[in-house]
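The opening residue of the sequence shown carries number 937 in this note's numbering; numbering runs sequentially from there.
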Amino acid sequence: MKKGLLIVFSGPSGVGKGTVIEKLMQQKELNLVYSVSMTTRQPRAGEVEGVNYFFVTKEEFQRAVYNDELLEHACFVDNYYGTPKKYVDAMRSEGKNVLLEIETVGAKQVMNKAKYDDGCLSIFLVPPNIEELKNRIRHRNSESEEVVEKRIRKATQELKETFRYQYVVCNDEVEDTVNKIAAIIKKKMDEYNG
937 MKKGLLIVFS
947 GPSGVGKGTV
957 IEKLMQQKEL
967 NLVYSVSMTT
977 RQPRAGEVEG
987 VNYFFVTKEE
997 FQRAVYNDEL
1007 LEHACFVDNY
1017 YGTPKKYVDA
1027 MRSEGKNVLL
1037 EIETVGAKQV
1047 MNKAKYDDGC
1057 LSIFLVPPNI
1067 EELKNRIRHR
1077 NSESEEVVEK
1087 RIRKATQELK
1097 ETFRYQYVVC
1107 NDEVEDTVNK
1117 IAAIIKKKMD
1127 EYNG
């Protein structure tokens, strides 16, 4: 059995990654599993431990870094995020395509480590324009204005990193975006499985 793909999926806060991923996961032929990241941030309303994230303390996170248990890790808006290696390797060994939704610092770490892995695919989701992105972040109503401003500054920086990715897809209409990304994944699956 061929190993599954490692799909690095990034985009600024508020671009609609969650909605796009939810619709991609419904397409059974893509054989996707979502890589659950570890984080030190507090859960948002509706987020479930072990499904959306593994919520840990800073001490637990630092121990995982020290023990080299993470594929990548980074600090984002005063919280730590990382991808547990063991889970990703196990899923790929079973032939599943692992979708990593990670920010640009972590994505760079993964892509550097995976540069000789022809099963690695990187996609960056961009908004139609920066004003639309600002509106989406503000309308979440889940964070203080100070955090919203940090997210907007971070998003502006992240948009400068698109050149590192194999594909850049604009999230204008969700269904079109999902179809474009599904086509990219299917093409890579065909190439990888020869």
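We treat Cβ as the ideally placed atom computed from N, Cα and C, and that holds for glycine.
Length-filtered (4 minimum) alpha helix (DSSP H) runs lying within the segment 995-1058
1021-1029, 1040-1049
Which residues share a DSSP beta bridge with Ile943?
Leu1035, Leu1057
Output the distance between the C-alpha atoms of Ile1117 and Asp1025, rounded to the nearest integer angstrom.
23 angstroms
So, with DSSP's three-state summary, where would you put Val1083?
helix
DSSP three-state label for Glu958, please.
Secondary structure of Glu958 (DSSP, three-state): helix.
Give a yes or no on whether the C-beta atoms belonging to Gly950 and Ala1043 are separated by under 8 angstroms.
no
What first and last residue would you give for the alpha helix (DSSP H) that runs through Val1114?
1110-1128
Three or more C-beta pairs under 8 angstroms: does that hold for the segment 995-1002 against the segment 1046-1064?
With contact defined as three or more Cβ pairs closer than 8 angstroms, the segment 995-1002 and the segment 1046-1064 are not in contact.
N-terminal and C-terminal residue of the alpha helix (DSSP H) that Leu968 is part of:
From DSSP, Leu968 is part of no alpha helix (DSSP H) but of the beta strand (DSSP E) over 968-970.
Compute the Euclidean distance between the alpha carbons of Glu1094 and Glu965, then round it to the nearest angstrom.
Distance between the alpha carbons of Glu1094 and Glu965: 31 angstroms.
Comparing alpha-carbon positions, which option in Val1114, Glu1037, Ile1066 lies nearest His1009?
Closest option to His1009, Cα to Cα, is Glu1037.
Which residues in the same chain have their Cβ closer than 7 angstroms to the Cβ of Ser1029, if we skip the five residues on either side of it in sequence?
Same-chain partners within the cutoff: Lys939.
Locate the beta strand (DSSP E) running through Thr975, then write down its first and last residues.
973-975
Distance between beta carbons of Gly952 and Val1110, contact taken as under 8 angstroms:
7 angstroms
Indicate the three-state DSSP secondary structure (helix, strand or coil) for Glu985 in the structure shown.
In the structure shown, Glu985 sits in a strand (DSSP, three-state: E or B).
Residue interval of the alpha helix (DSSP H) (run including Leu1069):
1066-1074
Closer than 6 angstroms by C-beta to Tyr1103: which residues in its own chain qualify, once you throw out the five before and the five after it? Chain order, please.
Same-chain partners within the cutoff: Ile1059, Ile1120.
Thinking C-alpha only, which one of Leu960, Tyr1002, Thr975 is nearest Leu968?
Leu960
Would you tell me roughly how many angstroms separate the C-alpha atoms of Glu1081 and Asp1126, rounded to the nearest one?
A straight line joining the alpha-carbon of Glu1081 with that of Asp1126 spans about 45 angstroms.
If we define contact as Cβ-Cβ less than 8 angstroms, is Glu1067 a contact residue for chain C?
Absent here is chain C; the protein component of the structure consists of one chain.
When burial is assigned at 16 or more other CB atoms within 10 Å of the CB, is Asn1003 buried or exposed?
Asn1003 counts as exposed, since fewer than 16 other beta carbons sit within 10 angstroms of its beta carbon.
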